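S.K.: Protein chains in written order, with UniProt numbering: chain C, 1 to 200; chain Y, 1 to 344.
Virtual Cβ for every residue (Gly too), placed ideally from N, Cα, C.
Computed from a predicted structure; not experimentally measured.
1. Tell me where the alpha helix (DSSP H) around residue 320 (chain Y) begins and ends.
2. Going by DSSP, name the residue or residues bridged to residue 183 (chain C).
3. Can you pull the chain C residues whose beta carbon is under 7 Å from the beta carbon of residue 276 (chain Y), in chain order?
4. Cβ of residue 148 (chain Y) within 9 Å of Cβ of residue 211 (chain Y)?
5. Apart from the five residues on each side of it in sequence, which residues of its chain come closer than 6 Å, Cβ to Cβ, to residue 59 (chain C)?
6. Taking the Cβ atom as the reference point for each residue, do residue 248 (chain Y) and residue 343 (chain Y) lie within a distance shorter than 9 Å?
7. Give the list of continuous alpha helix (DSSP H) stretches no shorter than 4 residues that lie fully inside the stretch 253–314 of chain Y.
8. Look at the Cβ atom of residue 198 (chain C), then the Cβ atom of residue 117 (chain C), and state whether they are nearer than 9 Å.
9. Could I get the ranges of all uninterrupted alpha helix (DSSP H) runs contained in the stretch 84–171 of chain C, with 4 residues as the minimum, in chain order?
10. Taking the straight line between their C-alpha atoms, what separation do you get for residue 211 (chain C) and residue 196 (chain C)?
11. Would you mind working out which of Y:105, Y:213, Y:70 and Y:316 sits nearest residue 200 (chain Y), comparing C-alpha positions?
12. Taking the alpha carbon of residue 164 (chain Y) as the reference point, which residue from Y:230, Y:179 and Y:243 has its own alpha carbon closest?
13. Quick check on DSSP: helix, strand or coil for residue 63 (chain Y)?
14. Whether or not the stretch 168–188 of chain Y and the stretch 107–121 of chain Y are in contact is what I'm after, with contact meaning three or more pairs of Cβ atoms, one per stretch, closer than 8 Å; do they touch?
15. Among Y:127, Y:335, Y:223 and Y:206, which has the Cα closest to the Cα of residue 324 (chain Y)?
16. Starting from the beta carbon of residue 280 (chain Y), find every residue of chain C whose beta carbon is closer than 7 Å, and list them in chain order.
17. Could you pull the DSSP bridge partners for residue 334 (chain Y) from this structure?
18. Between the C-alpha atoms of residue 158 (chain Y) and residue 60 (chain Y), what's the straight-line distance to the nearest angstrom?
19. Give the residues from the stretch 44–61 of chain C that approach chain Y closer than 8 Å (Cβ to any Cβ), ordered along the chain.
20. For the stretch 237–269 of chain Y, list every residue whose C-beta sits within 7 Å of some C-beta in chain C, in sequence order.
21. Any beta-carbon of chain Y closer than 9 Å to the one on residue 177 (chain C)?
22. Under a CB-based cut-off of 9 Å, is residue 37 (chain C) close to chain Y?
23. Pull up the distance between the alpha-carbon of residue 104 (chain C) and that of residue 95 (chain C), whole angstroms please.
24. Name the two residues that bound the continuous beta strand (DSSP E) containing residue 132 (chain Y).
25. Within 9 Å of any Cβ in chain Y, is that where the Cβ of residue 163 (chain C) sits?
26. For the stretch 217–229 of chain Y against the stretch 292–304 of chain Y, are there 3 or more C-beta pairs whose distance is under 8 Å?
27. Would you say residue 143 (chain C) faces chain Y, with C-beta separation under 9 Å as the test?
28. According to the Cβ coordinates, are residue 97 (chain Y) and residue 208 (chain Y) closer than 9 Å?
29. If we define contact as Cβ-Cβ less than 9 Å, is residue 158 (chain Y) a contact residue for chain C?
30. When we look at the beta-carbon of residue 169 (chain C) and count the other beta-carbons within 10 Å, is it buried (16 or more) or exposed?
31. Starting from residue 337 (chain Y), find everything on chain C with Cβ-Cβ shorter than 9 Å and list it in chain order.
32. Is residue 19 (chain C) close to chain Y, meaning its C-beta is less than 9 Å from at least one C-beta of that chain?
33. Report the partner residues of residue 29 (chain C) according to the DSSP bridge assignment.
34. Can you grab the Cα-Cα spacing for the pair residue 30 (chain Y) / residue 318 (chain Y), in whole Å?
35. What's the C-alpha gap between residue 67 (chain Y) and residue 85 (chain Y)?
36. In angstroms, rounded to a whole number, what distance separates the CA positions of residue 144 (chain C) and residue 141 (chain Y)?
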């Protein structure tokens, strides 16, 4: 595995250095990139998506993030390169509309929801998408107790999407830690096209 | 010779150095506003970058300030760009430039000839705008920053706010997009010299001609496209009460911008723009590099005009005849679920 320390580098340098390291792999392998801000993580992830590399991001500490690129054997420049993981995903969409599961004691509701998301990571059949809106939008942001599980799900190919209007409303736009931001049109479309919609 | 002095480069120059809109609006919301003055026609409540204060029914002054770190090596060019960018807010309101004051941050250890070149570039643009450079203020600082505080005049009955467009209006853009991506590519040595020259030509062009031509037609709203990107400023223009559809094929793009986006030379500001404005936008078959261009922070970008439908074609034609890469890029609609739809 090649390691790139791009902490202290302004965009686009982390992406430029990552691309150079990936080229040096000269085939399959892994590249680890360290950066010091979330925007750089998002730009690295965007590059991975465009170039068809699998990528996984995690926050190691305050101002320290790690993005791991996994480059396959196939020519990586292919336009619509699929992420090469056995597809264990169903066409189920999980909708998380609150930071709690069920009605009752708040503390219990939060514990249950965290356990639910952890349990998702343990399933053989994973959902295709997890949608977060309204109170649920807090769960993909800084301070959420389930970020690690959500990142693990994302790394398995589960699409994690949060409602942008909700992030704006709660002042969380800059705090998103996992997945991407979307609008109501896409949320409606994903729910309508789902085989199953699961709402814990 | 002073002209060959290079500015020591900073991390991200021009409008890529702007703070994100999201962070900013949370702080601005909490500021005390004081008494409402009825003569303050455009102030904090609006998302316009300039303030407009009415003196009489026919006369108001427009006030604006803009400064940033360099995005090009040559100090004279940087001065021209920073001044053109600062003057642009007056043109976006439909005003005339009257006076300008220099704003300078400059390291004590740096060659003063560099500062001389920056100020010469700025002064030339103020003169071209028909304004008078009337003074300024300078501070010793670790990095170079330059800009202007500009005052202009406008007839308040004919000023163009940014959110007063109407359904049916055509949207026109007067400069090509992509200067942020091209400057970024240039910084990492991936822009061809002629691509960088094209971006510089665009950034040093005043929005004066575009504004003067627009003034002859029925234009309901205008803004200048700067750090928050084409889509970010378009979002402000929709002001929660309008929607629009954009034809991405029609959007003028500078040569080199697409290649830079395709090479993943993403800026931090571009990604912040995507985070902030992305939720209001639906892309229909738009290639990813084009998405990036539409989120690209512009330094000294063009005017985005909402023109009455019967005037739009003639306005476009006259802007082009004046040598501007202007184009009708979309249309304003009644408010819909999706605020901005971009087709390709």
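M.R.: On the basis of the supplied data:
1. Residue numbering aside, residue 320 (chain Y) sits at position 320 when the second chain is read from its first letter. For residue 320 (chain Y), the uninterrupted alpha helix (DSSP H) run begins and ends at 309–321, by DSSP.
2. Within the first chain, residue 183 (chain C) is the residue found at index 183, counting from 1. For residue 183 (chain C), DSSP records no beta bridge to any residue.
3. Here residue 276 (chain Y) refers to the residue found at position 276 of the second chain. For residue 276 (chain Y), the C-beta contacts it makes with chain C under 7 Å involve 173, in order along the chain.
4. Taking the second chain and counting its residues from 1, the one referred to as residue 148 (chain Y) is at position 148. Taking the second chain and counting its residues from 1, the one referred to as residue 211 (chain Y) is at position 211. Residue 211 (chain Y) is positioned such that its CB atom lies no closer than 9 Å to that of residue 148 (chain Y).
5. For this step, residue 59 (chain C) is matched to residue 59 along the first chain. Counting only Cβ-Cβ distances below 6 Å, and skipping sequence neighbours, we find 65.
6. As a position in the second chain, residue 248 (chain Y) is number 248, starting the count at 1. As a position in the second chain, residue 343 (chain Y) is number 343, starting the count at 1. Yes.
7. Counting whole runs of 4 or more residues, the stretch 253–314 of chain Y contains the alpha helix (DSSP H) stretches 257–262, 268–277 and 288–294.
8. In the first chain, the residue the question calls residue 198 (chain C) occupies position 198. In the first chain, the residue the question calls residue 117 (chain C) occupies position 117. No, the Cβ-Cβ distance between residue 198 (chain C) and residue 117 (chain C) is not below 9 Å.
9. The stretch 84–171 of chain C contains, as complete alpha helix (DSSP H) runs of 4+ residues, the segments 106–121, 147–155 and 164–169 (chain order).
10. Nothing can be reported for residue 211 (chain C), as the shown portion of chain C is limited to 1 through 200.
11. Position 200 of the second chain holds residue 200 (chain Y). It is Y:70 whose Cα lies nearest to the Cα of residue 200 (chain Y).
12. The residue labelled residue 164 (chain Y) in the question sits at position 164 within the second chain. With distances taken between Cα atoms, residue 164 (chain Y) lies closest to Y:243.
13. Start at 1 with the first residue of the second chain, and residue 63 (chain Y) comes out as number 63. In this structure, residue 63 (chain Y) counts as strand in the three-state DSSP scheme.
14. Between the stretch 107–121 of chain Y and the stretch 168–188 of chain Y there are fewer than three inter-stretch CB-CB distances shorter than 8 Å, so the stretches are not counted as touching.
15. Within the second chain, residue 324 (chain Y) is the residue found at index 324, counting from 1. Considering only Y:127, Y:335, Y:223 and Y:206, the residue with the shortest C-alpha distance to residue 324 (chain Y) is Y:206.
16. Numbered from 1 along the second chain, position 280 holds the residue referred to as residue 280 (chain Y). Ordered by position in chain C, the residues that pass the 7 Å Cβ test against residue 280 (chain Y) are 183.
17. For the purposes of this step, residue 334 (chain Y) is taken as the residue at position 334 of the second chain. DSSP output for residue 334 (chain Y) lists Y:242 as bridge partner(s).
18. Taking the second chain and counting its residues from 1, one reaches residue 158 (chain Y) at position 158. Taking the second chain and counting its residues from 1, one reaches residue 60 (chain Y) at position 60. Distance between residue 158 (chain Y) and residue 60 (chain Y), taken at the CA atoms: about 10 Å.
19. If the cut-off is 8 Å between Cβ atoms, the stretch 44–61 of chain C has 46, 47, 50 and 51 near chain Y.
20. Of all residues in the stretch 237–269 of chain Y, 264, 265, 266, 267 and 268 have a Cβ within less than 7 Å of some Cβ in chain C.
21. Within the first chain, numbered from 1, the residue matching residue 177 (chain C) stands at position 177. For residue 177 (chain C), the nearest beta carbon of chain Y is not closer than 9 Å to its own beta carbon.
22. For the purposes of this step, residue 37 (chain C) is identified with residue 37 of the first chain, where counting begins at 1. At least one CB of chain Y lies nearer than 9 Å to the CB of residue 37 (chain C).
23. Within the first chain, the letter at position 104 stands for residue 104 (chain C). Within the first chain, the letter at position 95 stands for residue 95 (chain C). Near 19 Å, if we compare the C-alpha coordinates of residue 95 (chain C) and residue 104 (chain C).
24. Working through the second chain from its first residue, we reach residue 132 (chain Y) at position 132. Here the beta strand (DSSP E) through residue 132 (chain Y) covers 132–140.
25. One-based indexing of the first chain puts residue 163 (chain C) at position 163. Residue 163 (chain C) counts as touching chain Y.
26. Counting C-beta pairs closer than 8 Å gives three or more between the stretch 217–229 of chain Y and the stretch 292–304 of chain Y, which meets the contact rule.
27. The residue you call residue 143 (chain C) lines up with position 143 of the first chain. Closer than 9 Å: no.
28. Residue numbering aside, residue 97 (chain Y) sits at position 97 when the second chain is read from its first letter. Residue numbering aside, residue 208 (chain Y) sits at position 208 when the second chain is read from its first letter. In this structure, residue 97 (chain Y) sits near residue 208 (chain Y), with a CB-CB distance shorter than 9 Å.
29. If you number the second chain from 1, residue 158 (chain Y) lands on position 158. Using a CB distance cut-off of 9 Å, residue 158 (chain Y) does not count as an interface residue toward chain C.
30. As a working note, residue 169 (chain C) is residue 169 in the first chain. Burial is judged here by how many other beta carbons sit within 10 angstroms of a residue's own beta carbon; residue 169 (chain C) has fewer than 16 and is exposed.
31. What you label residue 337 (chain Y) is simply residue 337 of the second chain in a count that begins at 1. Result: 183, 184, 185 and 188.
32. On the first chain, position 19 is the one that residue 19 (chain C) refers to. In terms of beta-carbon proximity, residue 19 (chain C) lines the interface with chain Y, with at least one pair separated by less than 9 Å.
33. Looking up residue 29 (chain C) in the first chain gives position 29. In DSSP, residue 29 (chain C) forms a bridge with C:71.
34. Position 30 of the second chain, counted from the first residue, corresponds to residue 30 (chain Y). Position 318 of the second chain, counted from the first residue, corresponds to residue 318 (chain Y). When rounded, the separation of the alpha-carbon atoms in residue 30 (chain Y) and residue 318 (chain Y) is 44 Å.
35. Along the second chain, one-based indexing puts residue 67 (chain Y) at 67. Along the second chain, one-based indexing puts residue 85 (chain Y) at 85. Residue 85 (chain Y) has its alpha-carbon roughly 8 Å from the corresponding atom of residue 67 (chain Y).
36. The residue labelled residue 144 (chain C) in the question sits at position 144 within the first chain. The residue labelled residue 141 (chain Y) in the question sits at position 141 within the second chain. Each residue's alpha carbon lies about 40 Å from the other.
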